[in-house]
Structures are given as C-alpha cells and as structure tokens.
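Converting from the sequence shown to the working numbering requires adding 679 to each position, the first position being numbered 1.
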Amino acid sequence: MPLVHFFETSFGRTYERKIVLVEVIADGVSGWGEITCGENPFYNEEWTASAWLIARDYIAPRLLKSRLEDAGQVAGLTGHIRGHLMARGGVEAAVWDLEARRNGVPLAKQIGGPDSTPRTEIPCGVSIGIQDSVPQLLQKIGIEVAAGYQRIKMKIKPGWDVEVIREVRNAFPNIRLMADANSAYTLADANRLKCLDEFGLMMIEQPLAHDEIIDHAELQTRLKTPICLDECIRSAHQAEQAIRIRACGIINIKLGRVGGFREAKRVHDAAQQHGIPVWCGGMLESGIGRAHNIALSTLPNFTLPGDVSASQRYWKRDIISPAVEVSARGTIAVPTAPGFGYDLDHDFLRSVTVLEETVA
Ligand code: OSB
Ligand code: MG
C-alpha cells in the first residue's frame, strides 16, 4: 500500500508498505492481527519476509497443535522462539481479537479485563518524518496542529536536529513537541543533545543505540529533557531494568515490539508501578494494527498522547471501514463493537493482497 506521503526516519525513507496480516479462525469466528515489522531490518531485526516465515513455519504450527484456553497463553507458546517479537505479537494480537469477538466484547474490554471500564476516547499525537526542507516541515506541523492533534513528534538525525527544532519552536512556541532520533546518536553527541534542553521538549525518544540502556542512563543524568525509550524496551523485564537505572522517564509501548498484548500489559503495569507514564507508538500500520493500538491505548497508564492518528494521514483508502478518524480535540473514539471494532473492507483488502497462505 503506497503511503500518502513518504515517511523518513534516521534509518531510511519509506514510500510504500508491505504489510503482513494474520487471520486466525476458530469455530467459524475470525480474529485479525497485523505484524508491524518494516520492509527492511532497520528498525529492529525483523522485516516482511522474516515475519512471514516465522509466522508460517514456527508460530502457526505450534498454535494449531495446542488447545488454547485464552489469548494470554499465546505468548508462552511462542516463547521458545528467540526474538521475532513482531511476528509473534501479530499472531498473538489476532487471537486476542478472536477471543474478544467470541465473547462479544470490544477488544479494549478484553485486554482490560471483565472488571475494566476502558476509556471511551484516546488522546492523539502525530509523528512527522524528516522532510526535504524546513518550510515543508513547518507546513506539515501547521496542518496537524490545525487538525487538533495534541502533540507533535518530529524525527531527528545528525544534520537535522538543533537548528531545525529551533525553527519549529520559533514558529510554534506553545505546542507540545518532542523529537525521535531512532538511535542515531552516541554518548559522544551528549553536548549536542544537551542543546535540545532549551526547547522545552516533552521528551527525546530513543537517542542512543537500540540495545543500550546504560548509555541512556548516563545521558539522562546530563539532560533536563526526559528520555523516552522505544527500541530498547522489548519486555517488562527490560522496562524494569531501564527504570531502575533511570535510563528513561517515559516509555513508548509498541504492541509488536514487545510481542503482543500480554507483554504490552506487563510493560504498562511495570511502568505504572514506578510512576513512569507510557504512550502507544506506531509503525505506519494499516487499519487493523491501528485498531489494535487504539484498544491498547485505553489502559489507564497511557496518559500521554500516542502516535495513533487518522487513517487518512497514511492511506488514500484504508482496509477497514470506517477509516480511523480524529476529532477536532485530537482524540479517537474507542469503538464499541466486538473485537477491534471496525469492519474489514474485504474488496479493497483483496485488491491489495499479493500473497496468501493458509496453515491448517
Ligand atoms: O520510532 O516510532 C518510531 C515509524 C516506523 C518505525 C519507527 C517509528 C515510526 C514512527 C511512526 O514514528 C509512527 C506512526 O505514525 O505510525
Ligand atoms: Mg520511535
């Protein structure tokens, strides 16, 4: 699916998504999930082709052999696979959707538990990629602020950082603003990152290496701006370690990156216990992954606006119906229908499907 506008991070530019979707079927009921890896192994080690093989050859056969009592058991059944958390998480999320549909409850309620009263709307921000020019960036930010989004995240990298953020701040002195480096810096850049303190950013996301929390802890002692970890946090255990050594003040939770809802809930709970707020990250998802992110964002410690935004920012036509829309207050209404709560646009989905395999 071609993106409406290219998306550039410190590790590269994406014009078109190749998305792996998962349908799980039991007793005639379907659940759907999305594997949120990129087209290349640049954000983490996974990519479209690896996810396909892991799901087909390792996850599906294992699930089919098992008798599942609930979706919470899926993560344990794939725990023997090292890494590949997005492939595992995409399948796991499909089973949560299936369970919610079988129970006739919204996915938000299924993940929150029978006693939960999930919030009815979630606060939204946008993630804006590196642009060809500063005026182009300022124009894009202006459009999203006018649309009502509650905070703006901009991507940075060496050569597109302090000076660019200064221009953004001059143009938009009062917006809630943050920057995401996707691991583009090292501790040797600490003085440059320190320059960002003057802009009153809500946080700086994943400035240092994808697998490095000790350096983040060191950097945090030198910065006033809170560090938010993304790539580094793949489990609740890693979240606890990062919090313990003060490597971050905020955590971005991505369903795929941590391997699905069960672990996402654990990361959420661990952060909550330590007074660390979380928000829901995005991976340029189609409507299915987006709907799962909306459900995840209803958990109580998701107190900051996430990267969950309207379908039309990504797609001319989404594969769900209706498309995800954002209110003028920068919120998304949480759907109340069973499962992830949107219909699939089957005709359109078929028209963009390039490969389909069934494991039975
Ligand atoms: O680091 O949050 C990230 C997109 C692809 C890979 C990594 C990231 C992102 C985003 C986009 O920031 C969030 C979105 O709008 O889906
Ligand atoms: Mg990020």
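C-beta atoms are modelled at their ideal positions from N, C-alpha and C, and glycine is treated no differently.
Computed from a predicted model, the values in this text were never measured in an experiment.
For the ligand MG, a non-hydrogen atom lies closer than 8 angstroms to the CB of residue 960.
Here DSSP, grouped into helix, strand and coil, assigns residue 850 to helix. Three or more beta-carbon pairs separated by less than 8 angstroms are not found between the region 966-982 and the region 820-833, which leaves the two stretches without contact.
At least one heavy atom of the ligand MG lies closer than 8 angstroms to the C-beta of residue 859. Proximity of the beta carbon of residue 885 to the ligand MG is indicated: a heavy atom of the ligand is located closer than 8 angstroms. In the structure shown, residue 909 adopts coil according to DSSP, grouped into three states. Only residues of its own chain outside the window of five on either side were considered, and among them 901, 902 have a CB closer than 8 angstroms to the CB of residue 873, listed in chain order. The closest heavy atom of the ligand OSB lies 8 angstroms or more from the beta carbon of residue 685. The secondary-structure analysis by DSSP pairs residue 726 with nothing; it has no beta-bridge partner.
Nearest C-alpha to residue 939 among 736, 798, 716, 920: 716. In this structure, the alpha-carbon of residue 710 lies about 25 angstroms from that of residue 948. In this model, residue 993 and residue 808 are separated by some 12 angstroms (Cα to Cα). Taking the Cα positions, residue 955 is about 6 angstroms away from residue 929. Close CB contacts of residue 703 within its chain, under the 6 angstroms cut and outside five residues either way in sequence, are with 710, 773, 774, 777 (chain order).
Residues of the same chain with a CB within less than 8 angstroms of the CB of residue 845, apart from the 5 flanking positions on each side, are 878 in chain order. Short note on residue 805: C-beta closer than 8 angstroms to some heavy atom of the ligand OSB. Put simply, the region 716-733 does not touch the region 837-854. Fewer than three CB pairs are less than 8 angstroms apart. Taking each of 1012, 1032, 1008, 1017 in turn and checking the Cα distance to residue 827, the smallest one comes out for 1008.
Relative to the ligand OSB, residue 695 has its C-beta separated by 8 angstroms or more from all heavy atoms. Below 8 angstroms, enough C-beta pairs join the region 780-798 and the region 1012-1032 to call them touching: three or more. In this chain, residue 859 is not harboured by any alpha helix (DSSP H); it is covered by the beta strand (DSSP E) spanning 856-859. Per DSSP, residue 814 is one residue of the alpha helix (DSSP H) stretching across 813-826. Between residue 1039 and residue 708, the alpha-carbon positions lie close to 15 angstroms from each other.
Residue 972 carries a helical assignment under DSSP once its states are collapsed to helix, strand and coil. In the DSSP assignment, residue 1010 is bridged to 802.
Around the beta carbon of residue 890, a 10 Å sphere encloses fewer than 16 other beta carbons of the protein chains shown; the residue is thus reported as exposed. Judged by DSSP in its simplified three-state form, residue 900 adopts helix. In the same chain as residue 764, and ignoring 5 residues on each side of it, the C-beta atoms closer than 7 angstroms to its own belong to 913, 935, 936, 937, 938, in chain order. When the Cα atoms are used, residue 798 and residue 867 turn out to be separated by approximately 43 angstroms.
When DSSP states are grouped into helix, strand and coil, residue 990 belongs to the helix group. Among the bridge pairs identified by DSSP, residue 878 is matched with none. By the 16-neighbour rule on beta-carbons within 10 angstroms, residue 952 is exposed.
CA-to-CA, the gap between residue 725 and residue 685 works out to about 21 angstroms.
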